[in-house]
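Peer 1: In the working numbering, the protein residues as written are 1 to 896.
Provided herewith is a single structure, encoded as C-alpha cells, for subsequent inquiry.
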C-alpha cells in the first residue's frame, strides 16, 4: 500500500509539473491567429539559397534534406528580433519574414534536429533552416487514407495523388512512379542559388534550364520564376514506395505480423505435452492379468500426477506463449484501425469507431498481460485508464457547427481537464504495462516463484513510466517550439495533450512490437532448457545431441529440444523480420537458426563429450558428480608428468623410470575400470570438459549463469558505445523523436538480453560444443550470428537497403566477448586444477599449445624490425636507418 501511495504522489506532482510546463509553453508561443506584416527589404540586402539533397545511400527509400540559408546585413530591420528568444513575438516575426517558404505552415511529417541556426560574422547574419523528411514515411502517412484518390499507374499499381511540402519545396505524387518537385517563386525576392544533389540517372526535365549540371548535382542561379523537376527513382525505391501505398501497405504489414506470429507460434508447438504414438497405460479400474498387488494404485497415482503436470504446463503455455501471440494480434488490429480511421477526415461516426476500438483493444490487451503476470489486483486500475482515455476521446469529438470537415484530432476543441487527465492516464498505463512485463518475465524464468510483485520491479516500472511520459511531453513541446515561427495558430498544450491520447497505441506497440513482451516466450523456453540440462546432466545425457551414434532426429522430444536451442539463440540475437524492398521477411532469424543447427550437426565428431570409450559409452556418461575431484587430480598429475618428461627430453633433468607407464595409468578411464580415454583426449581435456563447477554446485545451469554474467559484464562497454552511437545518429539525447525516446528504454533491455543470452547458452551447451578449449567452443555461436549478418548483408548490398557497418561491428564484438568468456572459463577450471602457487598463465599457454609463443613473438618482431630498417634505408637513399639498435643477426655495418 505504501508503494501505491508514494507512486500516486509522484505521478500527481509530475502531472502538475508537466501541465504547468506545457501551459507556460502555450502562453509563450501562443500566437495572434494572423500572419505578421513583413517590412519591405531591399532585394540586394537579402541573399537566399536553397539546397535539396535526395539521398538513397543505404536506405530503402530516399531521405529528403532541405537546407534554406538566408543572409542579411547586420543592421537590417528584422535582425534585432532574432536575438530576443524563440518565445518573443519579434523573433517569430523575423523568422517568418526571412525564412517564409511555401505555405509557411507547420507540417507534422517534417523533422528538425534543432531550431534555425543564427550565425553572425563579417557584418552579416546567416540563418540556416534544415528540414528532414523520409519519402517512405510520407507515402505511408499521406497515401493511406481511404479518401485519397488512387489512379492506376503505368503498370497497374496505384499512384497516390497527395502533395507534401518539405521546406520551400512541394512534392507531388509521392506514391507514383515519377515524383515532381516544385520550388515556388516569391515575386518580391529571388533565389540567388538553388542546388540539387540527386542520385545519378534519376533527374528528368528540369525547368528552367540550369546554369550548371553534372551526374549528381544541378544548380540554378538568380532564379526569379518557379522551378521544378521530375525524378524517376530506380526500381528498388519504386518497389518500396509502391508497397507502402495501398494495397501494398496492407500486404507489407500482413507479412510483418505473419512473420512475428509464426516465430512466436513455434515454441507453442514444440512445448506440447502430447506425443504421437504414445502407448497408454491400462485404466486404473481394469488392471491387467499380470498386475502385482498395489500396481493398480501406483498407476492411478502416476496418471493423476501426469495430468497435473500436463495441466501446469498448459497453463504456462497459455500465460507466456499464447498471451504474447494474442497481444500481437491486437496490436495489428489497432494498427489497421489507425490506418483507416486515425488521420482521416471526420465523417459521421469515424471518431467514435476509432476511440471505441482503441479503448476496447487497450483494455483487452492490458487485462491479458496483467492476468498472465498474476497481477489481478491491478485490473481495476486498467479499467480506470481505459475509461479515462475513452472519456477524453469521446468528449472531444464534438464538431462545431459549420466545421464538419475539421481534421481529426489536431484542431478539435480542447476541454480544460483533458490535458491533466490524459497525462495522468498515460503515466498509469505505462506503469501497469511495465510491471506486467517485468513480473511476467520473472515468473516465466522461475515458474514456481512467488507471484507477489518485488520492489525492484515496481520502482523500475515507476521510473520507466515517468521518464517515458516526460520525454513524450518534452519532445512534442520541443518540436512545436522549434517550428512555432511557421504557424501562429500552434498551441503547445493542445498538441501535446493530443499526443498523449495517441500514446496508448504507441505503448502497446512498444511492449509487443519492440520485443518486450516477446521476452516471455524466450525466458520460458530458456527455463525449460535449463531444467532439462540439469536433469540430463545428472544421468550423463546430452541436451542437444542424441545419446546414440545415429544422426539427430527432428521429431520427438530430442528433436524439439534441438529446435528450442536454435530458436532461443536466434530469437535473442536477431530480429524476427527485416525490411526488404517493402516486404518483411525473417531472413536473419532463419539464417542464424539454420547455421547453428548445421554447425552442431556437422561437428558432432569433434565434440569431446561424445567420444566413445571401449565399452561403447560416451565420455559424457562417465562424468558423474562423484568423479570430479578425481578428474582434477588426474589433470594435475598429467600436467606435472608431462612437464617432467619435457624437462628430461631437453636434458634439464634425468628421465624418470616408468614414465610411459605413468601416462598409461593416467589415461585409464573410468576410475576402477580397464577402459582408457579416447585417442587424442588427455586428462587435461577431460577437466576442461567438466568445467569449473560440478553438478552439485549448479551443474550446467550454474555454469551457464556464470558465463552469461561474464559476457554481460564484458558487453557493457560495447553496449553503451552502440547505444550512444544510435543516439548520436539521431542528433543527440535531447533531439530524439517522440517515438525514438520511448523505444530506447526497450532498446536497453534488448541490449542486455543480446549480451547475456549467448554467454548463457555457451555455458548451457559447454559439454556439447565442438572443440577442446573454451575459446574454440565459442566459435559455434559467434559463427552462427555472423552467418545471419552475412545473410542480411547480401540482399542489402544488392538492393542498397541499409548500412551493415553496425551489424558487422556487433558481430566482431560478439566474437571477442564470447571468445574471452570461453578463455575465462578455462582459466577458472585451471585454477581448480593447479596448485595455488603455480602461475596460471604458463599452464594456460600449454593448454592452448602456445608455450613457445614468447620466443616466436620475439623472432617475428625482430624480422619486422629488420624489414622496416631495410625499407627506411632504401627510401632514405642510403642514409642511416632509424632503427640502428635493432639488428637481430648482429651483422656489423660497413663504415660510412
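In this text, a Cβ means the ideal position worked out from N, Cα and C, and glycines have one as well.
1. Would you list the one or two residues that DSSP bridges to residue 164?
2. Report the rounded CA-to-CA distance for residue 470 versus residue 24, giving the unit in angstroms.
3. Would you tell me roughly how many angstroms separate the C-alpha atoms of residue 314 and residue 86, rounded to the nearest one?
4. Please state whether the Cβ-Cβ distance between residue 529 and residue 564 is less than 7 Å.
5. Tell me the DSSP bridge mates of residue 583?
6. Between residue 620 and residue 613, which are expected to be in contact by the criterion C-beta below 8 Å, what is the C-beta distance as a whole number of angstroms?
7. Sort out for me which residues DSSP pairs residue 66 with in a bridge.
8. Using only alpha-carbon positions, find the residue among 744, 576, 808 that is nearest to residue 260.
9. Hey, quick one: how far does the alpha helix (DSSP H) through residue 456 stretch, first residue to last?
10. Per DSSP, which one or two residues make a beta bridge with residue 180?
11. Could you give the DSSP three-state label for residue 664: helix, strand or coil?
12. Ignore the nearest five residues each way along the sequence and tell me which others in residue 701's own chain have a CB closer than 6 Å to its CB.
13. Short of 6 Å in beta carbon distance, which residues of its chain neighbour residue 464, apart from the five on each side in sequence? Order them along the chain.
14. With DSSP collapsed to three states, give me the class of residue 357.
15. Comparing alpha-carbon positions, which option in 115, 755, 609, 302 lies nearest residue 131?
16. In three-state terms, what does DSSP make of residue 213?
17. In chain order, what residues of the same chain have a beta carbon less than 6 Å from the beta carbon of residue 13, not counting five sequence neighbours either side?
18. Residues in its own chain within less than 7 Å of residue 392 by CB, not counting five upstream and five downstream?
19. With respect to 6 Å, is the separation between the Cβ of residue 205 and the closest non-hydrogen atom of the ligand ADP below this value?
20. Name, in chain order, the residues that DSSP records as bridge partners for residue 703.
21. Check the C-beta distance from residue 510 over to residue 432 and give it rounded, since I have them as a contact under 8 Å.
22. Can you tell me which of 859, 811, 15, 758 puts its alpha carbon nearest to the alpha carbon of residue 713?
23. Should residue 839 go down as buried or exposed, given a rule of 16 or more other Cβ atoms within 10 Å for buried?
24. How many Å lie between residue 793 and residue 579 at the Cα?
25. With DSSP as the reference, label residue 221 as helix, strand or coil.
26. Cutting at 6 Å between CB atoms, please list the residues of its own chain near residue 128, excluding the five before and the five after it.
27. Report the option in 218, 442, 200, 6 whose CA atom is closest to the CA atom of residue 206.
28. In whole angstroms, what separates the C-alpha of residue 296 from that of residue 307?
29. By how many angstroms is the C-alpha of residue 743 removed from the C-alpha of residue 828?
30. Look up residue 191 in the DSSP assignment and say whether it is helix, strand or coil.
31. Of all the beta strand (DSSP E) runs that stay within the bounds of the region 421 to 457, which reach a length of 3 or more residues?
32. Quick one: what's got a C-beta closer than 7 Å to residue 848's C-beta in the same chain, skipping five residues either side?
33. Below 8 Å, can you find three or more Cβ-Cβ pairs linking the region 597 to 616 to the region 627 to 644?
34. Run through the DSSP bridge pairs and tell me what residue 126 is partnered with.
35. Residue 755 and residue 783 look like a contact to me (Cβ under 8 Å); what is the Cβ gap, rounded to whole Å?
36. Determine whether the beta carbon atoms of residue 737 and residue 775 lie at a separation below 7 Å.
Peer 2: Let's see:
1. Counting from 1 along the chain shown, the entry for residue 164 is found at position 164. Looking at the DSSP assignment, residue 164 forms a beta bridge with 171.
2. By 1-based counting over the chain shown, the position of residue 470 is 470. By 1-based counting over the chain shown, the position of residue 24 is 24. Between residue 470 and residue 24, the C-alpha separation is close to 16 Å.
3. Along the chain shown, one-based indexing puts residue 314 at 314. Along the chain shown, one-based indexing puts residue 86 at 86. When rounded, the distance between both Cα atoms is 60 Å.
4. Working through the chain shown from its first residue, we reach residue 529 at position 529. Working through the chain shown from its first residue, we reach residue 564 at position 564. In contact: residue 529 and residue 564 (Cβ atoms closer than 7 Å).
5. As a working mapping, residue 583 is identified with position 583 in the chain shown. Paired residues: 580.
6. As a working mapping, residue 620 is identified with position 620 in the chain shown. As a working mapping, residue 613 is identified with position 613 in the chain shown. Going by Cβ atoms, the distance from residue 620 to residue 613 rounds to 11 Å, so no, they are not a contact pair.
7. If you number the chain shown from 1, residue 66 lands on position 66. 52, 131.
8. Start at 1 with the first residue of the chain shown, and residue 260 comes out as number 260. The shortest Cα separation from residue 260 among 744, 576, 808 belongs to 576.
9. Counted from its first residue, the chain shown places residue 456 at position 456. Start and end: 455 to 482.
10. As a working mapping, residue 180 is identified with position 180 in the chain shown. Partner(s): 172, 230.
11. Position 664 of the chain shown, counted from the first residue, corresponds to residue 664. It is helical.
12. Against the chain shown, residue 701 aligns to sequence position 701. Closer than 6 Å at the Cβ level, and outside the excluded window around residue 701, lie 530, 534.
13. In the chain shown, residue 464 corresponds to position 464, counting from 1. So the list reads 434, 745, once near-sequence residues are dropped.
14. Indexing the chain shown from 1 puts residue 357 at position 357. Helix at residue 357.
15. In the chain shown, residue 131 corresponds to position 131, counting from 1. The candidate whose alpha carbon is nearest that of residue 131 is 115.
16. For this step, residue 213 is matched to residue 213 along the chain shown. Three-state DSSP puts residue 213 in a strand.
17. Your numbering for residue 13 matches position 13 in the chain shown. Around residue 13: no qualifying Cβ.
18. Translated into the one-based positions of the chain shown, residue 392 becomes position 392. Within the same chain, residue 392 has close Cβ partners 418, 421, 422, 501.
19. The ligand ADP is absent from the structure shown, which contains no ligands of any kind.
20. For the purposes of this step, residue 703 is taken as the residue at position 703 of the chain shown. Note: residue 703 sits in no beta bridge, so no partner.
21. Mapped onto the chain shown, residue 510 falls at position 510. Mapped onto the chain shown, residue 432 falls at position 432. Going by Cβ atoms, the distance from residue 510 to residue 432 rounds to 13 Å, so no, they are not a contact pair.
22. Position 713 of the chain shown holds residue 713. Checked all of 859, 811, 15, 758; the closest Cα to residue 713 is 758.
23. Position 839 of the chain shown, counted from the first residue, corresponds to residue 839. Answer is exposed; the Cβ neighbour count stays below 16.
24. Within the chain shown, the letter at position 793 stands for residue 793. Within the chain shown, the letter at position 579 stands for residue 579. Cα to Cα, the separation comes out at about 12 Å.
25. Here residue 221 refers to the residue found at position 221 of the chain shown. Strand, per DSSP.
26. Indexing the chain shown from 1 puts residue 128 at position 128. Correct list, in chain order: 69, 117.
27. Residue mapping note: residue 206 aligns to position 206 of the chain shown, counting from 1. Comparing Cα-Cα distances from residue 206 to each of 218, 442, 200, 6, the minimum goes to 218.
28. Taking the chain shown and counting its residues from 1, the one referred to as residue 296 is at position 296. Taking the chain shown and counting its residues from 1, the one referred to as residue 307 is at position 307. Each residue's alpha carbon lies about 17 Å from the other.
29. If you number the chain shown from 1, residue 828 lands on position 828. If you number the chain shown from 1, residue 743 lands on position 743. Distance between the alpha carbons of residue 828 and residue 743: 39 Å.
30. Walking along the chain shown from the start, residue 191 turns up at place 191. DSSP places residue 191 in strand when its eight states are reduced to three.
31. none
32. Locating residue 848 in the chain shown gives position 848, where the first residue counts as 1. Closer than 7 Å at Cβ, skipping near neighbours: 773.
33. no
34. As a working mapping, residue 126 is identified with position 126 in the chain shown. Paired residues: 71, 119.
35. Taking the chain shown and counting its residues from 1, the one referred to as residue 755 is at position 755. Taking the chain shown and counting its residues from 1, the one referred to as residue 783 is at position 783. At roughly 17 Å, the Cβ-Cβ gap does not stay under 8 Å, so residue 755 and residue 783 are not in contact.
36. Translated into positions along the chain shown, residue 737 becomes position 737. Translated into positions along the chain shown, residue 775 becomes position 775. The answer is no: Cβ separation not under 7 Å.
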